[in-house]
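Let me begin by presenting the structure, written as structure tokens, before commenting on it.
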Amino acid sequence: MAKEKEALSKQLEKLKLRLFHYSHQGSLVYIESNKAIADLPFFDRNFASGGVVTFLFWRSVHLSTLFSLNNRTQDQGPWTVSLVFPFASCIRLSYDLTFQ
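So, in structure tokens, the structure goes:
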């Protein structure tokens, strides 16, 4: 038992533990109807933005986090349909159901 304690204490001494440091990367929020809000740290200040340009930035970040080309095209499809036919919710619904 004493040998096990000594071995564990030696292993703990060998570990180099670092303190956890939190780094806030900002917030991106999609609201609706092609609008978004961003709150991003930029050179020790917060940059807040909203609107269509922020939505395009949000979309680019969202698409870059999807791994496969298949996921990217399936995710982009309903958005493209809603841009071409903005008032046709039945088309968007039927398009979403075909890919599930």
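Take the sequence shown: its position 38, counted from the start at 1, is 38 in the UniProt record's numbering, and no numbers get skipped. Every residue gets a Cβ at the ideal spot worked out from N, C-alpha and C, and that includes glycine.
Bridge partners of residue i, per DSSP?
i, result
"residue 46", "41"
"residue 28", "38"
"residue 51", "36"
Compute the Euclidean distance between the alpha carbons of residue i and residue j, then round it to the nearest angstrom.
i, j, result
"residue 70", "residue 81", "17 Å"
"residue 78", "residue 21", "39 Å"
"residue 43", "residue 25", "12 Å"
"residue 3", "residue 23", "41 Å"
"residue 18", "residue 45", "27 Å"
"residue 52", "residue 14", "53 Å"
"residue 54", "residue 16", "42 Å"
If contacts are defined as beta-carbon pairs under 8 Å, then residue i and residue j qualify, I think. What distance do you get, rounded to the angstrom?
i, j, result
"residue 83", "residue 75", "Incorrect: roughly 14 Å between the Cβ atoms, too far for contact."
Practice task
Decide if the region 54-63 is in contact with the region 12-32; the criterion is three or more beta carbon pairs, one per stretch, under 8 Å apart.
Solution key: yes
Problem - the region 8-19 touching the region 33-44, judged by at least three CB pairs closer than 8 Å - result: no
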